[in-house]
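Undergrad: Supplied in structure tokens, the structure appears directly below.
Numbering (my numbering), first residue to last: 3 to 381.
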């Protein structure tokens, strides 16, 4: 299943029951251009603009992420993993839920397993509670799965519709809201967070109770949501075009900034790999936050946790491209380090090798999308 098809299938009923014209060349700020999309710049696609293709494995659980505590010998393990394609998006929210599980008699120091977006958010929230924190991780930025993420703030690919519980959905909505508010405090160049216009393109009517819907569960987190007429956008061949704004997080900038904050606040980082949960007994901390992502499958024998392979081809940066675009099986994210083109959603695939067939599909699809930009008259 592709990314857009997955998002469109996540209906609220399930969860709650659950050019040609001119364009200007702007500066790289978080200024949004309201109104219609006639001034959008097309993405330039040619082989000599390709700079890399990256692959990452999303830690996906059909029933959703895990935030809970369990005793393991003398240790209290507080789990915070299994975020699917929304690790960056939900990191602050699930970390808030996880840190709320601290015992009443708080320890002076705690451990965090993992140094991706979830581990760093957990560590920072623990520091804000006055605790001494040590991160134990086998990989640090820029070598984490979070570094490979596209960075759109949107809680997609988190669970399979119909397999989540009411308790999970309560956690999901709380985590979504907290993360949404927290990221707004980080908007700016230092953290690489900005607001961006999104265009969702389809030949089918939008599910108004789905995640992009006007009555959907995250409607309050999608400002400026409205449908565009044919005269308001340059995307030819699509009957339905919907816009909304989301935050975008640039992982290289963001992760480095949060890791710097953690260290400046007195945090310690130790590069260490754990093969078995029994090895955690050797740590000096009695409370351990498990933010190990896909590593939790082997470390804590969670067989429901499965990899979902994602692949992005990156083109040279285009500062004039100030929007994101999605179709049923394609998406484009603009970042300062390049134009990201996706995507793939290969469930159960462990390989980190580039899928050349998928790469060709992604490039050809985007070439068709942006090669057919038509003129429209801006208001």
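Cβ atoms here follow ideal geometry from the backbone N, Cα and C, with glycine treated the same way.
Small disclaimer: the values here were computed from a predicted structure and weren't measured.
#1: Residue 205: buried (16+ other C-beta within 10 angstroms of its C-beta) or exposed?
#2: Can you find the residues in the same chain that come closer than 8 Å, C-beta to C-beta, to residue 185, ignoring five residues on each side of it along the sequence?
#3: Ordered along the chain, which non-local residues of its own chain (more than five positions away) have a Cβ less than 6 Å from that of residue 1?
#4: Can you list, in chain order, the residues of its chain whose CB lies under 7 Å from that of residue 34, leaving out five sequence neighbours each side?
#5: Alpha carbon to alpha carbon, how far is residue 119 from residue 148? Give it in angstroms, no decimals.
#6: Who are the near neighbours of residue 27 in its chain, counting only those whose CB is closer than 6 Å to its CB and skipping five residues on each side?
#7: Using 9 Å as the threshold, is the C-beta distance between residue 89 and residue 297 below it?
#8: If contacts are defined as beta-carbon pairs under 8 Å, then residue 82 and residue 291 qualify, I think. What distance do you get, rounded to the angstrom?
#9: I believe residue 312 touches residue 58 by the beta-carbon criterion, under 8 Å. Please report the beta-carbon distance rounded to the nearest angstrom.
#10: Since residue 220 and residue 178 should fall inside the 8 Å C-beta cutoff, what is the C-beta to C-beta distance between them, to a whole number of angstroms?
#11: Could you tell me if residue 229 is buried or exposed, where buried requires 16 or more neighbouring beta carbons within 10 angstroms of its beta carbon?
#12: Spatial neighbours of residue 162 within its chain, please: C-beta separation below 8 Å, excluding the five flanking residues on both sides.
#13: Using 10 angstroms around the beta-carbon of residue 334, count the other beta-carbons present and answer buried if the total reaches 16, otherwise exposed.
#14: Grab the span of the beta strand (DSSP E) containing residue 336 for me, first residue to last.
#15: Which residue wins for smallest C-alpha separation from residue 350, given the options 341, 86 and 209?
#16: Do residue 254 and residue 144 have their C-beta atoms within less than 9 Å of each other?
#17: Could you pull the start and end residues of the beta strand (DSSP E) that residue 130 belongs to?
TA: This is what the structure holds:
#1: Within the chain shown, residue 205 is the residue found at index 203, counting from 1. Exposed, by the Cβ-count rule.
#2: Mapped onto the chain shown, residue 185 falls at position 183. Cβ neighbours of residue 185 beyond the five flanking positions: 94, 155, 195, 249 and 251.
#3: Since the displayed the chain opens at 3 and closes at 381, residue 1 lies outside it and no answer follows.
#4: Position 32 of the chain shown, counted from the start, is the residue given in the question as residue 34. Reliability fails at residue 34, whose pLDDT of 48 lies under 50, so the model's placement of it is uncertain and the value that follows must be treated cautiously. These residues qualify, in order along the chain: 197, 199 and 247.
#5: Stepping through the chain shown from its first residue, residue 148 is reached at position 146. Stepping through the chain shown from its first residue, residue 119 is reached at position 117. Approximately 6 Å between the Cα atoms of the pair.
#6: Numbered from 1 along the chain shown, position 25 holds the residue referred to as residue 27. Bear in mind that the predicted position of residue 27 carries a pLDDT of just 40, short of 50, making it unreliable; the figure below should be weighed with that in mind. Closer than 6 Å at the Cβ level, and outside the excluded window around residue 27, lie 322.
#7: Mapped onto the chain shown, residue 89 falls at position 87. Mapped onto the chain shown, residue 297 falls at position 295. No; because the gap between Cβ atoms is not below 9 Å, this pair is not in contact.
#8: Position 80 of the chain shown, counted from the first residue, corresponds to residue 82. Position 289 of the chain shown, counted from the first residue, corresponds to residue 291. The pair is a contact, with the Cβ atoms about 6 Å apart (cut-off 8 Å).
#9: As a first step, residue 312 must be located in the chain shown, where it is residue number 310. As a first step, residue 58 must be located in the chain shown, where it is residue number 56. Confirmed, about 5 Å.
#10: Here residue 220 refers to the residue found at position 218 of the chain shown. Here residue 178 refers to the residue found at position 176 of the chain shown. Right, their Cβ atoms sit about 6 Å apart.
#11: Position 227 of the chain shown holds residue 229. Its Cβ having fewer than 16 others within 10 Å, residue 229 is exposed.
#12: Taking the chain shown and counting its residues from 1, one reaches residue 162 at position 160. So the list reads 64 and 65, once near-sequence residues are dropped.
#13: Sequence index remark: in the chain shown, residue 334 carries index 332 (1-based). So residue 334 ends up on the buried side.
#14: As a first step, residue 336 must be located in the chain shown, where it is residue number 334. Residues 333–337.
#15: Position 348 of the chain shown, counting from 1, holds the residue named residue 350. If we check each option's Cα against that of residue 350, 86 comes out closest.
#16: The residue labelled residue 254 in the question sits at position 252 within the chain shown. The residue labelled residue 144 in the question sits at position 142 within the chain shown. Yes, they are a contact pair.
#17: By 1-based counting over the chain shown, the position of residue 130 is 128. Here residue 130 belongs to no beta strand (DSSP E); instead the alpha helix (DSSP H) covers 119–130.
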